[in-house]
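As they're listed, the protein sequences go chains A and B.
Numbering of the first sequence is given in our numbering, commencing with residue 2 and proceeding in unit increments.
Numbering of the second sequence is given in our numbering, commencing with residue 5 and proceeding in unit increments.
One structure is given below, encoded as structure tokens.
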Amino acid sequence: MSTHTENPRAAAKLYAKTLVALLILTVITVFAAGIDFGSGNVVIALTVASIKATLVALFFMHLRSEKPVNAVIACAGFLFLGLFLMFCFIDADSRDNLQPVNWKPMPVTLPAAGAPAPAAPPAAEHH
Amino acid sequence: MSSSTVDLHSHDPHGSGHGEDPHHQHHFATMAQQADTTKIGMWLFLATEVLLFGGLFVGFGLMQSRYPKEFVEAHHHLQRSLGALNTIVLLFSSWTMVMGVLAAQTNQRKKLVVFLILTILCACIFLGVKYFEYSHKFEEGLQPGHWYSHHGDAIPNSHGYATFFSFYFMMTGLHGIHILVGIILLGWIAVRANRGEFSRAYYTPVDLIGLYWHLVDLIWIYLFPLYYLIS
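This is the structure:
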């Protein structure tokens, strides 16, 4: 079992600090999203999210004081997700056009209301 | 072996011989070993949850790179303030959950029940906001797949908008189901806590459902910026 129960007051303080840090990071990320950093916005948003996730895992989920085997399992989950993500994007980037097998192009132009019917296809004009 | 099921209340027929605690299963040497083992099992489950949502995140990323303009435009249909509100509610509920676990660890039954009820309340607020958001989307025709019927998009007849909302409803919906399951589990734990079933010596269910709840929060931590902030 986890070891931090020996000092519940210190644990409560740590949890409160973690919550405050998480809320501050939320404010930061919402604020940063309002400013245009170009492609940097995605990087900032995901970096802040990862910091928040790490805080939750370390302190709320007790990974910091837990047996290391649990951290290994958690890291393995994210490691394999990273591999999955990486290979999918390598694959997508090395193709010209990724389309599902049942993809059909949608009509680009619609006849306007009241407009004359579109001309018959040229093949029909040969008598 | 009848006790291979996880009924923690069964008094094992073999006579454990090494503990007075009725929660102690005979196949574990000590209560500490039992708690560690269940925790490893829970972490394995959480890892599969990460992969479950991970697949959806990867799909979202691929579609975002295929329909960048449509996705940015669709992002603007989501209300940032509601997403931020839900983020704060869930972060707060994670704190009440961890305080509940702490109360269990320190034999404070009443405090544990109060924190569990607070956590359930936060979860209900989250779902209430989500319901409000969903009904608003339905009214505007911002529905997934071929149900998409919104008018006035910048790129007419593009599959991108419907794809965005397919992912939006799939991911937030799956997350919402997790919240719903969490509410049921937390309610069950709260009833058991109220009966005085948990103490410093045995609080594994509180601990494990706490872990589950934090994971649900952790997934939202990624869903929030991806759906509400990137534009």
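Note that CB positions come from ideal geometry on N, CA and C, so glycine has one too.
Looking at the backbone, the Cα of residue 15 of chain A and that of residue 60 of chain A are separated by about 8 Å.
Residue 217 of chain B places its beta carbon less than 9 Å from that of residue 98 of chain B.
Residues of chain B with a Cβ closer than 9 Å to the Cβ of residue 86 of chain A are, in chain order, 58, 61, 62, 65. For chain A, the residues of the segment 95-119 of chain B that bring a beta carbon within less than 8 Å of one of its beta carbons are 95, 96, 98, 99, 101, 102, 103, 106, 109, 110, in chain order. The C-beta distance from residue 145 of chain B to residue 135 of chain B rounds to 18 Å, too long to fall under 8 Å, and the pair is not in contact.
Look at residue 159 of chain B here: in three-state DSSP terms it is coil, with no helix or strand label.
Across the set B/198, B/158, B/233, B/212, the C-alpha of B/198 shows the shortest separation from the C-alpha of residue 111 of chain B. Per the coordinates, the alpha-carbon of residue 65 of chain A lies some 50 Å from the alpha-carbon of residue 155 of chain B. If you look at residue 192 of chain B, you'll find it in the alpha helix (DSSP H) that goes 164-198.
About 17 Å separates the beta carbon of residue 20 of chain A from that of residue 219 of chain B, a gap too long to meet the 8 Å contact definition.
In the three-state scheme derived from DSSP, where H, G and I count as helix and E and B as strand, residue 77 of chain B is classed as helix.
With 16 or more other CB atoms across the displayed protein chains lying within 10 angstroms of its CB, residue 51 of chain B is buried.
The DSSP-derived three-state label of residue 48 of chain B is helix. Remark: three or more beta-carbon pairs, one from each stretch, lie closer than 8 Å, so the segment 73-91 of chain A and the segment 53-63 of chain B are flagged as touching. Residues of the same chain with a CB within less than 7 Å of the CB of residue 107 of chain B, apart from the 5 flanking positions on each side, are 115, 116, 119 in chain order. Flagged as an interface residue toward chain B: residue 9 of chain A, by a C-beta distance shorter than 9 Å. In this chain, the alpha helix (DSSP H) harbouring residue 137 of chain B covers 113-143. In the structure shown, residue 20 of chain A falls within a helical segment according to DSSP collapsed to helix, strand and coil. Taking the Cβ atoms as the reference, residue 178 of chain B lies roughly 20 Å from residue 123 of chain B, outside the contact range of under 8 Å. Here the segment 178-187 of chain B makes no contact with the segment 34-49 of chain A; the two share fewer than three CB pairs at distances below 8 Å.
Note on geometry: alpha-carbon atoms of residue 223 of chain B and residue 96 of chain A lie some 30 Å from one another.
Among the residues of the segment 35-57 of chain A, those with a Cβ less than 8 Å away from any Cβ of chain B are 42, 43, 46, 47, 49, 50, 53, 54, 57, in the order of the chain. With its beta carbon less than 9 Å from one in chain B, residue 70 of chain A belongs to the interface. Residues of chain B whose Cβ lies closer than 8 Å to the Cβ of residue 31 of chain A are, in chain order, 84, 88, 233. Closer than 7 Å at the C-beta level to chain B, one finds these residues of the segment 16-28 of chain A: 16, 20, 23, 24, 27.
If one requires a minimum length of 4 residues, the alpha helix (DSSP H) runs lying completely within the segment 37-116 of chain A are 41-56, 69-94, in chain order.
With contacts defined as CB atoms closer than 9 Å, residue 206 of chain B and residue 25 of chain B qualify as a contacting pair. Residue 70 of chain B has a beta carbon lying within less than 9 Å of a beta carbon in chain A. Between residue 137 of chain B and residue 86 of chain B, the C-beta spacing is below 9 Å. Counting other Cβ atoms within 10 Å of its Cβ, residue 44 of chain A stays below 16 and is therefore classed as exposed. Neighbours of residue 82 of chain A across chain B, judged by C-beta separation under 7 Å: 54, 55, 58.
For residue 90 of chain B, the secondary structure class from DSSP, reduced to helix, strand or coil, is helix.
Among the CB atoms of chain B, one or more fall inside 9 Å of the CB of residue 74 of chain A. Residue 9 of chain A sits in a helix when the DSSP states are folded into three classes. The beta carbon of residue 130 of chain B does not come within 9 Å of any beta carbon belonging to chain A, so the residue lies off that interface.
Residue 85 of chain B sits in a helix when the DSSP states are folded into three classes.
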